[in-house]
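Encoded as structure tokens, the structure appears first; notes follow it.
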Ligand code: ACM
Ligand code: ZN
């Protein structure tokens, strides 16, 4: 008999012999430390089979921890005569055993064949990022993503909470960030206003929900770029106290926060302090991507900071600022993650985890930094940005990408923490579009995150697609059809052309005109 599991377990045998039948008489026994798995399984059995387990029969489902399992998050699942036994190295391991069992139940219903699985993740970091800055996704949608992550055995939810187009995380000490910064007058091609934000209670609820599913939450406050919404709320954050509106269109903006003024640091420290009260997993993302230095070049505060700190120029301000922010966060006990953009890597603290997305850092740069001890997460744009059109990143391309960096020293291999799939939402306004972009690519991604490289098989994954679609449809999510996910000919061309319409939101011309305006108005102030 064949059973399909996504992501593919590392070792699995299934026979044709039916050995277990789920009835209301079944016993469900949990050992200490298996509570999350227990809740997940009882919830599933009740929802799927409308059964409350009485525990008076001979069939038993047993959940326990096993010290003999040494790899963290690993588990074994054995279905034998009247017994389903799941053992985990830790509570996450047992939880993943239950996630696998749920998939077996979905295919076999009450009557299960003999199964033996021994499974462990390929990477300790298996992430998914949702951009809630461009479009606001209500907390119920966010929780649905968390359920879906758990199904794929992903364990880090990277919550991109701020963007030029919207600040979503309520900050009680700086309340205008959401009162003003959470709303834009219209969207890229739309005429309707758009907005929304998460209260502190909402964010705590999401964190608590994620913890039940063995998922850590990493909030991202993106600085010093992508901050027009913050500047709209507090113009003093910018170099020239410009009165801006929350951005309506996508594209890289030149109004970034002023990293010369001391007040900026005080403001950002207070934002991150409030953030750390809510997000208790001890990992904070500080962004750091796409930061033009145009304003800093003519800002008296930024120029003074360069002089006072003995920096070489505006390029140094970026790593200088991020290092100071990181130092503050680290002093409060959290680990810091940032995108790989900073030009002067040598100036940025090596304790900061780098999230690689573009090709600016060469493979040899990555390897050399890892060998020096810097940790990396790989979100390579052409494979793991799930907002890209299928014409550019087909399902197959996403599946077949492996973050293989040659030359990493043996004792530094664990510095490549893992992989993360990202859903940017410039052009993803709702769950319908989100589903189309993510599925089936998230399943493909999850097999790189979880399954050992030599056990991956695109052909086998392809065969699992009907079952995968069936599972995803139970979340009410959209799923790209085979011809869409693997486009050919005109469909592929169409997908690429449709994607290119984003160029209509190109900021280049606007930036050139606006930069001239700012220069005319403020040039010369740096010499005052
Ligand atoms: C990014 O895509 N700007 C991290
Ligand atoms: Zn400045």
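In my numbering, the protein residues as written are 203 to 730. A virtual CB, placed ideally from N, CA and C, is assigned to each residue, including glycine. For clarity, every value in this text was computed on a predicted model and none was experimentally measured.
Requested in this report: Note down, in chain order, each residue of its chain lying with its Cβ closer than 8 Å to the Cβ of residue 417, except the 5 sequence neighbours on either side.
Outcome: Along the chain shown, read from residue 1 onward, the residue named residue 417 stands at position 215. Excluding residues within five positions, the ones whose Cβ falls inside 8 Å are 348, 351, 352, 356, 357, 358, 359.
Query raised in the report: How many Å lie between residue 160 and residue 315 at the Cα?
Result: The structure shown does not extend to residue 160, since the chain is modelled only from 203 through 730, so no value can be given for it.
Query raised in the report: By Cβ distance below 8 Å, which residues in the same chain neighbour residue 450 in space, the five residues on each side in sequence not counted?
Result: Counting from one through the chain shown, the residue named residue 450 turns up at place 248. Setting aside the 5 residues that flank it on each side, residue 450 is surrounded in the same chain by 367, 386, 387, 388, 389, 390, each with a C-beta closer than 8 Å to its C-beta; the list follows chain order.
Query raised in the report: According to DSSP, is residue 728 helix, strand or coil?
Result: As a first step, residue 728 must be located in the chain shown, where it is residue number 526. Confidence in residue 728 is poor, its pLDDT being 49 and thus under 50, which makes the residue's placement too unreliable to answer from.
Requested in this report: For residue 646, collect the residues of the same chain with a Cβ closer than 7 Å to its Cβ; drop the 5 residues on either side in sequence, then sort them by chain order.
Outcome: Residue 646 sits at position 444 when you count from the first residue of the chain shown. Within the same chain, 597, 600, 601, 663 come within 7 Å of residue 646 by CB-CB distance, once the 5 residues on both sides are set aside.
Query raised in the report: Quick one, which of 211, 262, 213 has its alpha-carbon nearest residue 230's?
Result: Stepping through the chain shown from its first residue, residue 230 is reached at position 28. Nearest to residue 230 by C-alpha distance, out of 211, 262, 213, is 262.
Query raised in the report: Which one or two residues does DSSP pair with residue 695 in a beta bridge?
Result: Taking the chain shown and counting its residues from 1, the one referred to as residue 695 is at position 493. Residue 695 pairs with nothing; no bridge assigned.
Query raised in the report: In terms of DSSP beta bridges, what is residue 216 paired with?
Result: As a position in the chain shown, residue 216 is number 14, starting the count at 1. Beta-bridge annotation (DSSP): residue 216 is paired with 317.
Requested in this report: Can you check DSSP and say which residues form a bridge with residue 679?
Outcome: Reading the chain shown from its first residue, position 477 is the one you call residue 679. In the DSSP assignment, residue 679 forms no beta bridge with any residue.
Query raised in the report: Which class does residue 203 belong to by DSSP, given the choice of helix, strand or coil?
Result: Translated into the one-based positions of the chain shown, residue 203 becomes position 1. The three-state secondary structure of residue 203, taken from DSSP, is coil.
Query - Range covered by the beta strand (DSSP E) that runs through residue 425 - result: Taking the chain shown and counting its residues from 1, one reaches residue 425 at position 223. Run containing residue 425: 418-425, per the beta strand (DSSP E) assignment.
Report task. Since I believe residue 328 is in contact with residue 593 (beta carbons under 8 Å), could you give me their beta-carbon distance rounded to a whole number of angstroms? Result -> Counted from its first residue, the chain shown places residue 593 at position 391. Counted from its first residue, the chain shown places residue 328 at position 126. Residue 328 and residue 593 do not touch by the CB rule: their CB atoms are close to 27 Å apart, not below 8 Å.
Query - Beta-carbon proximity of residue 481 to residue 421, cut-off 8 Å - result: Taking the first residue of the chain shown as 1, we reach residue 481 at position 279. Taking the first residue of the chain shown as 1, we reach residue 421 at position 219. At a Cβ-Cβ threshold of 8 Å, residue 481 and residue 421 count as neighbours.
Query raised in the report: Nearest-angstrom Cα distance between residue 334 and residue 345?
Result: Here residue 334 refers to the residue found at position 132 of the chain shown. Here residue 345 refers to the residue found at position 143 of the chain shown. Rounded to whole angstroms, residue 334 and residue 345 show a C-alpha spacing of 13 Å.
Query raised in the report: Is DSSP giving residue 553 helix, strand or coil here?
Result: Here residue 553 is taken as the residue at index 351 of the chain shown, counted from 1. If DSSP states are grouped into helix, strand and coil, residue 553 belongs with coil.
Query raised in the report: Three or more beta-carbon pairs under 8 Å between the stretch 564-574 and the stretch 522-535, yes or no?
Result: Segments in contact, no.
Requested in this report: To the nearest angstrom, report how far apart residue 383 and residue 660 are at their CA atoms.
Outcome: As a first step, residue 383 is located in the chain shown; it is residue number 181 there, counting from the start. As a first step, residue 660 is located in the chain shown; it is residue number 458 there, counting from the start. The C-alpha of residue 383 lies about 44 Å from the C-alpha of residue 660.
Query raised in the report: If you draw a straight line from the C-alpha of residue 687 to the C-alpha of residue 642, how long is it?
Result: For the purposes of this step, residue 687 is taken as residue 485 along the chain shown, with counting starting at 1. For the purposes of this step, residue 642 is taken as residue 440 along the chain shown, with counting starting at 1. Rounded to whole angstroms, residue 687 to residue 642 spans 7 Å at the Cα level.
Query raised in the report: In terms of residue numbering, what span does the beta strand (DSSP E) encompassing residue 469 cover?
Result: Locating residue 469 in the chain shown gives position 267, where the first residue counts as 1. Secondary structure note for residue 469: it is in no beta strand (DSSP E), and the uninterrupted alpha helix (DSSP H) holding it is 464-480.
Query raised in the report: By the 10 Å Cβ neighbour count, where 16 or more other Cβ atoms means buried, how is residue 171 classified, buried or exposed?
Result: One cannot answer for residue 171 here, as it falls past the ends of the chain, which runs 203 to 730.
**Report entry** Cβ distance (whole Å) where residue 408 is taken to contact residue 341 below 8 Å
**Finding:** Sequence index remark: in the chain shown, residue 408 carries index 206 (1-based). Sequence index remark: in the chain shown, residue 341 carries index 139 (1-based). That belief holds up - the Cβ atoms of residue 408 and residue 341 are roughly 6 Å apart, short of 8 Å.
Query - Run of the beta strand (DSSP E) containing residue 231, from where it starts to where it stops - result: Taking the first residue of the chain shown as 1, we reach residue 231 at position 29. DSSP places residue 231 in the uninterrupted beta strand (DSSP E) bounded by 229-232.
Query raised in the report: Pick from 268, 222, 338, 395: whose alpha carbon is nearest that of residue 283?
Result: For the purposes of this step, residue 283 is identified with residue 81 of the chain shown, where counting begins at 1. It is 222.
Requested in this report: Helix, strand or coil for residue 588, going by three-state DSSP, please let me know.
Outcome: For the purposes of this step, residue 588 is identified with residue 386 of the chain shown, where counting begins at 1. Looking at residue 588 - three-state DSSP - the assignment turns out to be coil, as it is neither helix nor strand.
Query raised in the report: Is the beta carbon of residue 300 sitting closer than 8 Å to the one on residue 243?
Result: By 1-based counting over the chain shown, the position of residue 300 is 98. By 1-based counting over the chain shown, the position of residue 243 is 41. The answer is yes: Cβ separation under 8 Å.
Query raised in the report: CA-CA distance, residue 585 and residue 603?
Result: Here residue 585 refers to the residue found at position 383 when the chain shown is read from its first residue. Here residue 603 refers to the residue found at position 401 when the chain shown is read from its first residue. So the two alpha carbons sit approximately 6 Å from each other.
Query raised in the report: From residue 273 to residue 213, what does the alpha carbon distance come to, in whole angstroms?
Result: On the chain shown, residue 273 is found 71 positions in, with the first residue counted as 1. On the chain shown, residue 213 is found 11 positions in, with the first residue counted as 1. Between residue 273 and residue 213, the alpha-carbon positions lie close to 14 Å from each other.
Query raised in the report: the ligand ZN: which residues have Cβ under 7 Å from any of its heavy atoms, chain order?
Result: After applying the 7 Å Cβ criterion, the set is 441, 460, 461, 462, 463, 497, 498, 501, 503, 504.
Report task. Tell me whether residue 491 counts as near the ligand ACM, meaning its Cβ is closer than 7 Å to at least one heavy atom of that ligand. Result -> Stepping through the chain shown from its first residue, residue 491 is reached at position 289. Correct: residue 491 has its Cβ closer than 7 Å to the ligand ACM.
Query raised in the report: The alpha helix (DSSP H) with residue 413 in it runs from where to where?
Result: For the purposes of this step, residue 413 is taken as the residue at position 211 of the chain shown. Note, residue 413: alpha helix (DSSP H), 402-414.
Query - Exposure of residue 504, with buried meaning 16 or more beta-carbon neighbours within 10 Å - result: Taking the chain shown and counting its residues from 1, the one referred to as residue 504 is at position 302. Taking all protein chains in view, the Cβ of residue 504 is crowded by 16 or more other Cβ atoms within 10 Å, so the residue is classified as buried.
Report task. Mark residue 337 as exposed unless 16 or more other C-beta atoms lie within 10 angstroms of its C-beta, in which case mark it buried. Result -> Locating residue 337 in the chain shown gives position 135, where the first residue counts as 1. Residue 337 should be labelled buried.
Query raised in the report: Less than 8 Å separating the beta-carbons of residue 432 and residue 459?
Result: Position 230 of the chain shown, counting from 1, holds the residue named residue 432. Position 257 of the chain shown, counting from 1, holds the residue named residue 459. Here residue 432 is near residue 459, since their CB atoms are less than 8 Å apart.
Requested in this report: Below 7 Å CB to CB, which residues in the same chain sit around residue 454 once its five sequence neighbours on both sides are set aside?
Outcome: By one-based count along the chain shown, residue 454 stands at place 252. Cβ-Cβ distances below 7 Å link residue 454 to 492, 494, 709 in the same chain, with the five nearest sequence neighbours on each side left out; the list follows chain order.
Query raised in the report: When you compare only the Cα positions, how much space is there between residue 653 and residue 322?
Result: Taking the first residue of the chain shown as 1, we reach residue 653 at position 451. Taking the first residue of the chain shown as 1, we reach residue 322 at position 120. Roughly 8 Å separates the two Cα atoms.
Requested in this report: Check each candidate in 617, 714, 378, 490 and name the one with the smallest Cα separation from residue 438.
Outcome: One-based indexing of the chain shown puts residue 438 at position 236. Comparing Cα-Cα distances from residue 438 to each of 617, 714, 378, 490, the minimum goes to 378.
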